[in-house]
Each structure stands twice: as C-alpha cells, then as structure tokens.
Amino acid sequence: MHPILDFLWFAVFATYCYIEALVKCFIPVKRKSVAGEIVLVTGAARGIGRLIAFEFAKQRSRLVLWDINKSGIEETAEDCRKLGVEAYPYVVDCSLKEEIYSAAEKVRILYSKCVSSFPGFHKVLGNNRSTFHPGQANTKIYDINILAHFWTIKAFLPAMMKNNHGHIVSIVSAGGFVSVPFLVPYCSSKFAALGLHKGFTKELSVLGKDGIKTTCLCPYFVSTGLIENPQSRIIPVLKPEAVAKRLMDGILCNQKQIIMPSPVRCSLWWKCMYCRVLKAHQKKTSSDIKVLH
Numbered sequence: 001m002h003p004i005l006d007f008l009w010f011a012v013f014a015t016y017c018y019i020e021a022l023v024k025c026f027i028p029v030k031r032k033s034v035a036g037e038i039v040l041v042t043g044a045a046r047g048i049g050r051l052i053a054f055e056f057a058k059q060r061s062r063l064v065l066w067d068i069n070k071s072g073i074e075e076t077a078e079d080c081r082k083l084g085v086e087a088y089p090y091v092v093d094c095s096l097k098e099e100i101y102s103a104a105e106k107v108r109i110l111y112s113k114c115v116s117s118f119p120g121f122h123k124v125l126g127n128n129r130s131t132f133h134p135g136q137a138n139t140k141i142y143d144i145n146i147l148a149h150f151w152t153i154k155a156f157l158p159a160m161m162k163n164n165h166g167h168i169v170s171i172v173s174a175g176g177f178v179s180v181p182f183l184v185p186y187c188s189s190k191f192a193a194l195g196l197h198k199g200f201t202k203e204l205s206v207l208g209k210d211g212i213k214t215t216c217l218c219p220y221f222v223s224t225g226l227i228e229n230p231q232s233r234i235i236p237v238l239k240p241e242a243v244a245k246r247l248m249d250g251i252l253c254n255q256k257q258i259i260m261p262s263p264v265r266c267s268l269w270w271k272c273m274y275c276r277v278l279k280a281h282q283k284k285t286s287s288d289i290k291v292l293h
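Here the sequence shown is numbered in UniProt numbering, starting from 1 and rising by one per residue.
Okay, structure coming up:
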C-alpha cells in the first residue's frame, strides 16, 4: 500500500478508536457473575490480598488462598467461610517455583476443573532507604514481584486456555510506569511485571482466547504497611479498602487496566508533556520514603 494511504488509514482508524473509547465512557458496562468460580488469591493473609478475598466471598466465589503466613491465611479463610463460601488456605512461599507448582497440583486435585484463576496479589518487602538493597533482598523482590507471577500463570494458564475461560489479574504499581527514587529494585520489578502482563495479554488475543480476560491494577502508594511513612502533598495515599473495591469493580466489568487515583492516571497520560512536573512531585513524595523489612 502507498505510504500516504497507509498514513490515512492509520489516522482514520486511530480517530475511530478514540471516539469509540470516549463513547464507551458514557455507556454502562454489564457486570459479569463470578458466583461459583474458582478464584486463586495469592498474598491473601493481609493487605489488598485479604480484602479482595472478602470481595470475592461477597460475590459467592469459591476461594483458594495462598500466603506464607500460616496464621494469617487461616484467619482469612475462616472469615471468608463466615460469609458462606468455600475457602481453602495453603501455606505457599510464592518466591519459590517448586512451592507454587506443588500448591497448584493440590488445587487441581481439589478441583478437577480449574475454570478461573486470579494470580497477582503479592506484597513486596524491601530493605532500607537506599538506591540498591543487599543482593539477597533484591533477589527476593524480583522473585515475588515478577517470577511468582510468571510461575503461577504458567501453572494455571493451560487449563484456562483449554476451556477458553478465566481471568488473570496482575497487581503492579504506578511505579511500573514512572520510577520512584530510592525504590529502584521495586520499581524495576514492577516494570517487568507490567511487561509480562502486557505480553501474555497480547498473546492470548493473537491466539483467539477471547474468553480469558486480563486486568492490570496500577495503584499509587497504598497504606498497607509496605511503606513506613507514605506521604504526598499532591496525590492522596490510597486506602486498601478503596483499592480492593475498585479492583473488584474492574474485574466484574472486564476492565483491562486500572490506574489509581485519577491524578496519577492523568499524569501518566501526559507524562511526556509534564515530565518536569512529575520530577518535582517525585522529589516532594520520595523524601520521606522508607521501605520496611
């Protein structure tokens, strides 16, 4: 095709896509039901993982809960059962491939047909306020933030593809788009997690597996205990309860990407134009950051 015709086609198609996206903003989206679906939540002992487990329990899903914290995961499971749903806790260290695969096999035995899986609910524990952490801590960050996603998806995706049914959720971070000073290992691992999510989402589309939905959550600082002193003069620190409810809403609507809060979403859209503003904001925000053990 002639280069000019190529350009015109691209311009028309791009305009159509923008108009379609704008129109969809004003059209109510039909929510799907996840009642009776098998839902895996990792990192479910506390924080966003625990709260999203409760959200799925309210939707009458059957829950498989993973975490390294035995007492915490059992407490979450018991609280979910009080809501009238099945909940099966497993003590799993998601930084270890062998434990992920072993737990996945137990889930397959428990449910002969795994129809829905939601990996990606992880918490990251860093070390101290420095550009680079000691080697072992860095390795743990990458093991949990990226390799755990990879191995968990690899363990469950074949069954989902066979049935062309399921939903994969990745909790990333706004730090997967814009690096934050003194959180280099964390942010770089989130860049990798975002790339992994985008990559397998595109592959599923190319393979025609339109029955498998994906959602990527990218929140700003959340007051879950990861950051000792999460403060911001401009953008509010998010409450985990609000994040969990927003994520549940996005899952039920098959929303592909959720960026929270709105100021961060807008700043990411325009980051190329306002890079100086973002840099100034980072200086104000990161001065008091300290990552806990």
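From the three backbone atoms N, C-alpha and C, an ideal C-beta is built for every residue, glycine too. Because the structure is a prediction, the values reported are computed rather than measured.
Cβ-Cβ separation, residue j to residue i (assumed contact under 8 Å), whole Å
{"i": "Leu252", "j": "Lys32", "result": "6 Å"}
{"i": "Glu203", "j": "Leu51", "result": "Actually they do not touch by this definition, with Cβ atoms about 30 Å apart."}
{"i": "Leu96", "j": "His149", "result": "Between His149 and Leu96 the Cβ distance is about 14 Å, and since that is not below 8 Å, they are no contact."}
{"i": "Val180", "j": "Cys216", "result": "Actually they do not touch by this definition, with Cβ atoms about 18 Å apart."}
{"i": "Ser170", "j": "Ala193", "result": "6 Å"}
{"i": "Ala21", "j": "Gln59", "result": "Not really, about 27 Å apart at Cβ, beyond 8 Å."}
{"i": "Ala53", "j": "Leu65", "result": "6 Å"}
{"i": "Met260", "j": "Tyr220", "result": "6 Å"}
For residue i, the first and last residue of its enclosing alpha helix (DSSP H)
{"i": "Pro89", "result": "It is not in any alpha helix (DSSP H) - Pro89 instead sits in the beta strand (DSSP E) that spans 87 to 91."}
{"i": "Cys94", "result": "No alpha helix (DSSP H) holds Cys94; DSSP gives it neither H nor E."}
{"i": "Lys162", "result": "148 to 163"}
{"i": "Arg81", "result": "70 to 81"}
{"i": "Asp249", "result": "240 to 252"}
{"i": "Arg46", "result": "Careful: Arg46 lies outside any alpha helix (DSSP H) and carries neither H nor E."}
Beta-ladder partner(s) of residue i, from DSSP
{"i": "Val64", "result": "Leu40, Tyr88"}
Bounding residues of the beta strand (DSSP E) (the contiguous stretch that carries residue i)
{"i": "His167", "result": "166 to 171"}
{"i": "Ile259", "result": "257 to 260"}
Beta-carbon gap between residue i and residue j smaller than 8 Å
{"i": "Val41", "j": "Gly49", "result": "yes"}
{"i": "Ile146", "j": "Pro185", "result": "no"}
{"i": "Cys218", "j": "Ile153", "result": "no"}
{"i": "Lys190", "j": "Gly176", "result": "yes"}
{"i": "Val39", "j": "Ser61", "result": "yes"}
{"i": "Glu37", "j": "Lys245", "result": "no"}
{"i": "Asn164", "j": "Lys209", "result": "yes"}
{"i": "Ile144", "j": "Cys187", "result": "no"}
{"i": "Pro89", "j": "Glu74", "result": "yes"}
{"i": "Val222", "j": "Leu238", "result": "yes"}
{"i": "Gly43", "j": "Asp67", "result": "yes"}
{"i": "Leu63", "j": "Glu78", "result": "no"}
{"i": "Ala103", "j": "Asn69", "result": "no"}
task: Just list the beta strand (DSSP E) runs in the region 192 to 223, keeping only unbroken ones of 3 residues or longer that don't cross its boundaries, in chain order.
output: Listed in chain order, the complete beta strand (DSSP E) runs (minimum 3 residues) inside the region 192 to 223 are 212 to 219.
Every unbroken beta strand (DSSP E) inside the region 13 to 39 [3 residues or more]: Those beta strand (DSSP E) runs which fall completely within the region 13 to 39 and span 3+ residues do not exist here.
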